[in-house]
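Worksheet: the structure to be examined is printed underneath.
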Amino acid sequence: MQASLRRLTPVPLCAVQPCRSRAALWSSALRFLSPSIRTLFSETGVWENDYRPETRRKVEEWWQSRIMEQWRKDALNAQYSVKKKFYVLSMFPYPSGRLHMGHVRVYTISDTIAHFQRMRGHQVLNPMGWDAFGLPAENAAIERGLDPEEWTKSNIESMREQLDSLGLCFNWDREITTCLPDYYKWTQYLFIKLFEAGLAYQKEAVVNWDPVDQTVLADEQVDESGRSWRSGALVEQKLLTQWFIKTTNYAKPLLDALADLPEWYGVKAMQANWIGECTGCYFDFKLKVNGKETGETLSAYCSAPEMVYGAAYLAILPSHRLLHGSSSVRSLLQQAFQPGRDCLTEVTALNRFTGQEVPVVISHKEAFDDYLDAVIGLPDVSEEDLSVARALYLNWTTVLKTHKDGTQTLINSQKFSDFTREQALQSITQKAREQGVGGHLTSSKLRDWLISRQRYWGTPIPVVHCDSCGAVAVPEEELPVTLPKTPPLTGKGASPLGAVHDWVNCKCPRCKGPARRETDTMDTFVDSAWYYFRYTDPHNRDRPFEPQLADHWLPVDIYIGGKEHAVMHLYYARFLCHFCRDQGLVTHREPFSKLLVQGLIKGQTFKLAGSGQYLKKEEIEFTGNGPVTLSGGRVEVTFEKMSKSKHNGLDPQEVVQQYGLDTVRLYILYAAPPEQDILWNVKNDTLPGVLRWQTRLWQLVTKLRGARQLGEVPNGSLLKKKELEEVKKIWGNKNYAIQEVTAYFTKDFLFNAALSRLMGLTNTLSSATVRVLQHSVEFEEALAALVIMTAPMAPHLASELWAGLCTVTNPQSPLLLRGGDVLQQPWPNVDPEYLKAPEFVELSVLINNKRCGTVTIPLQVSKDPARVQQLVMESPIGQKYLSERDIKKAILSTRTPLINFLVNE
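First residue of the sequence shown: 1, per full-length UniProt numbering; consecutive thereafter.
If you want it as structure tokens, here you go:
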């Protein structure tokens, strides 16, 4: 025992005989820093020389719970602070029970940004919850004979433990779960608001039916092959009465608002394409037979709303619900219909805006433009419409006059006559909106949001059906309408809720007579369309959220998730935020300021050549000529999205166990920019690179601690000219790294480029001489900045490095005397003197002689071709235009700041 204690007792290095060389002193110091018993400095006060796997394991075990607990305390204290807010939001997961590597990637990114913004002095919100309703849980419960609620809660518990095991710092005090009544009560509340505003409505429609999952699908949930997005079954067409949300009323505002948002890595273009060009609108018509209204309303699309007074007819498709559903005019329409020709019917339609009555025509077409099923015929602007009107001997009013100078104005359009087409478009649509008869500019390709689902495990639609009163919203004080606890989980036929008679049968809230509850549940996209609001006020029992709290946190500063949700989910979330703004619930129209879409993590996949059959690794023999099957068959190797069926998935916990939390985080951040796919391959340079870098960081702290124990009191005046030049270089590289890394973290989120810059600073510090380590405050501050900037990406390692750095003998920098762990340190700033110095140059970047932008580089390296090429490749321009291209040559001009990359096209 005494021998062990003697080994752990530090020996004063100043007692070493002065005749020994500095190299010998340095070697001696390192030996004293390498005790034979493996220890952790934060626990024992003894610094270990090498960063070995066992050291890494101890570091992460020690710091993981401490980092998470500190985050919790800081978040609690931040509730009462006046700091500027920062809301980082990662798309919440479906609780399947197991995390996959895609989860690890998105949450590593959000965790890194959250730590960074906290260190910058922000009040940070980084919440987590569960998108917990939906088909997978219901299907799993049916298969296992379980209650889907029990299945879901079990999966949530399991996944939360997994998230905690990854050391992710979420604001768990704000956790939400969409399948709990305290959440879906407010989903129902928002539905009622939509219903009261005339935006939630029920109609008979031809819909997409999934024969496997036995439910309706929105158009967006059917792929290009006509298959269900989830089950893969060929989708059938059915005529059903369904609930819709009139998102088309917000198409033009949603399209126009994109212009005020920053670039979203192509997602803005995807949103704009999804919405389409909003140049037309719908007008409401009342159907009539023999001059009498039938009581049915029909909306028809008008491609030129300013010309609506010139309508000649209203055309419907042969597949329109009026010919196939329960419409009172069905028989008349069916009698008139003759396949292959345009058919005039005895049914007329009264335009509720113009007061004009036009005939209903059954078109010979199978489809109108895009997704329309009812259109207004305008002979003045369409040759095709003119031909139909003439063929059927219809009358119409000419409403367009073209003047000699080419301008066009309206005629025969009541008070809108003499308006230009542009003036009339604005005035007519505005008036129609005010009258509630249409007029909302939208595109011909966009349809209203179908939200009905014929399944049990979803938010009940809070409506009752009364023979006397029709569809009546459940009063707010009776919310939530909770799911019955014992559903008949057969998965077949109509909505399972329809069989729960004591739940379905109820009283009408209006007349108190007998009524039936709506048995369809809501699409889960409704739940996720507003969850970002609830995070701001998750425990509110009186309303979905307090407007002041939502206004404080919104818009979300950075929203992170998969690109597969960049259309549907994002569109619905934007729509609901616009609606809440119009309801006075919030002051922001757009919910998300910046969007960061992440690529996939793809696994190595082995397929039998010819058949495409996926193979397991144990079915393959790896030879010098490439992989073959055990029987000698040729094997194709690709990288594809990870899945069990392809035998290329990875268990995140196994990966972490093998390489460590920080290594996995660094690999994910370093392998590619967030929006690009990662081809998971531990044999490439990325994993060895981040492993080596962690070791080198450890060695830097070890070197400084050893140098400061060599006996001399630090004194910068002892440094010679060459050493002072070295110090200046360290100072410049430190400031340059701070400037670049901060920009990468805030503008384009190029964490791989940030890591490259930190590795560059590591190289500079690693080449420093012992005397610079002994006497230079610049080295100390550069190393401190390096460790601090590493902390958001590798928090466990950085925490231990900081503990070792802050206890260095004779510290020179105030940075090391401030106290607190590394994640509590402020983010470093660039020295003012550095910003004043004219030591940067704007370098023009050309690709095959075509200019694509500029990059700011230090003047001192502007003549170094290799260094300049490296800096350009690490820049946003390089990442965007050069990262995936074959560079034949890079030519650095000797006369002007310019570099030209010659690449293979």
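We treat Cβ as the ideally placed atom computed from N, Cα and C, and that holds for glycine.
Source: prediction; values computed, not measured.
By how many angstroms is the C-alpha of residue j removed from the C-alpha of residue i?
i: VAL267; j: TRP130; result: 24 Å
i: THR215; j: LYS153; result: 24 Å
i: ILE37; j: GLY45; result: The predicted position of ILE37 is uncertain, since its pLDDT is 45 and thus under 50; a value taken from the coordinates is nonetheless stated next. Answer to the nearest angstrom: the Cα atoms are 13 Å apart.
i: ASP373; j: SER228; result: 22 Å
i: ARG31; j: TRP47; result: Unreliable placement is indicated for ARG31, whose pLDDT of 38 sits below 50; the coordinate value is still reported in the next sentence. The alpha-carbon atoms of ARG31 and TRP47 are separated by roughly 11 Å.
i: VAL88; j: GLU143; result: 37 Å
i: ALA197; j: GLN64; result: 49 Å
i: GLN825; j: CYS806; result: 12 Å
i: GLN335; j: HIS588; result: 52 Å
i: LEU33; j: TRP802; result: With a pLDDT of 40 at LEU33, under the threshold of 50, the predicted position of this residue should be treated as unreliable, and no value is reported.
i: ASP821; j: LEU871; result: 32 Å
i: LEU585; j: GLN739; result: 40 Å
i: SER844; j: LYS880; result: 15 Å
i: GLY340; j: LYS365; result: 8 Å
i: GLY819; j: GLY121; result: 16 Å
i: THR519; j: PRO462; result: 10 Å
i: VAL504; j: LEU344; result: 43 Å
i: LYS594; j: TYR265; result: 10 Å
i: SER303; j: PHE353; result: 16 Å
i: ARG57; j: GLY660; result: 7 Å
i: PRO12; j: ARG708; result: Interpretation of PRO12 is limited by its pLDDT of 31, a score under 50 that renders its predicted location unreliable; the figure taken from the coordinates is listed afterwards. Each residue's Cα considered, the two are about 11 Å apart.
i: LEU479; j: ARG543; result: 11 Å
i: LEU549; j: GLN583; result: 16 Å
i: residue 916; j: GLN598; result: Residue 916 lies beyond the range of the chain shown here (1 to 905); nothing can be said about it.
i: ILE192; j: VAL375; result: 30 Å
i: LEU817; j: VAL787; result: 15 Å
i: SER28; j: GLY706; result: Below a pLDDT of 50, predicted positions are generally treated as unreliable, and SER28, at 39, falls in that range; the measurement from the model is reported next regardless. Each residue's alpha carbon lies about 9 Å from the other.
i: GLU546; j: TYR301; result: 39 Å
i: LEU25; j: TYR744; result: In this prediction, LEU25 scores a pLDDT of 37, lower than 50, which makes its location untrustworthy; the coordinate-derived value is nonetheless stated afterwards. Using only the alpha carbons, I get a separation of about 41 Å.
i: ASN900; j: ASP748; result: 23 Å
i: VAL464; j: ILE451; result: 17 Å
i: MET522; j: ARG160; result: 26 Å
Could you name the residues that DSSP lists as bridge partners for residue i?
i: SER452; result: MET522
i: GLU161; result: Bridge partners of GLU161: none, in fact.
i: residue 909; result: This structure cannot settle anything about residue 909, because the visible part of the chain is limited to 1 through 905.
i: PRO53; result: Paired residues: none, contrary to the question.
i: GLY626; result: THR623
i: ASN900; result: LEU846, ILE891
i: PRO858; result: PHE840
i: LYS203; result: GLN242
i: GLY85; result: A quick correction: the sequence has Lys, not Gly, at residue 85. LYS85 is bridged to GLN123.
i: LYS288; result: GLU293, THR348
Of all the options the options, which has the alpha carbon lying nearest to the alpha carbon of residue i?
i: PRO460; options: ALA473, PHE285, ILE113; result: ALA473
i: LYS73; options: LEU823, LEU882, THR896, VAL855; result: LEU823
i: TYR736; options: ALA349, ALA782, ASN155; result: ALA782
i: LEU180; options: SER645, LYS617, THR482; result: THR482
i: PRO253; options: ALA304, HIS122, HIS440; result: HIS440
i: TRP274; options: LEU600, GLU621, HIS565; result: HIS565
i: TYR572; options: LEU691, ASP542, LEU410, LEU446; result: LEU446
i: LEU314; options: ASN351, GLY291, GLU306; result: ASN351
i: LEU146; options: TRP457, ALA707, PHE170; result: TRP457
i: GLY711; options: LEU615, VAL808, LYS617, GLU780; result: VAL808
i: GLN426; options: ARG696, CYS281, VAL637; result: CYS281
i: GLY291; options: LYS246, GLY310, GLU346; result: GLU346
i: ASP448; options: HIS324, MET101, VAL207; result: VAL207
i: PRO591; options: ARG885, LEU608, HIS578; result: HIS578
For the stretch 107-125 against the stretch 669-676, are there 3 or more C-beta pairs whose distance is under 8 Å?
yes
The stretch 766-782 in contact with the stretch 722-737 per 3-pair CB rule at 8 Å
yes
What runs of the alpha helix (DSSP H), each 4 residues or longer, lie entirely inside the stretch 786-848?
795-806, 832-836
How about the stretch 168-187 and the stretch 511-527: do they share at least three Cβ pairs that are nearer than 8 Å?
yes
Does the stretch 750-765 touch the stretch 779-799, meaning 3 or more C-beta pairs lie closer than 8 Å?
yes
State whether the stretch 197-208 contacts the stretch 243-262, with contact taken as three or more CB pairs (one from each stretch) at a distance under 8 Å.
yes
Counting only runs that start and end within the stretch 634-669, where is the alpha helix (DSSP H) found for 4 or more residues in a row?
652-659
Looking at C-beta atoms only, is the number of pairs between the stretch 546-562 and the stretch 206-223 that lie closer than 8 Å three or more?
no
Return the chain-ordered ranges of every alpha helix (DSSP H) run that is complete within the stretch 495-520 and spans a minimum of 4 residues.
501-504
Decide yes or no for the touch test of the stretch 713-724 against the stretch 637-649: beta carbon pairs closer than 8 Å, at least 3 of them.
no
Starting from the N-terminal side, write out each stretch of the beta strand (DSSP E) that is 3 residues or longer and does not extend beyond the UniProt domain "Leucyl-tRNA synthetase editing" (273-432).
281-289, 292-302, 313-316, 343-351, 357-362, 374-377, 400-402, 408-410
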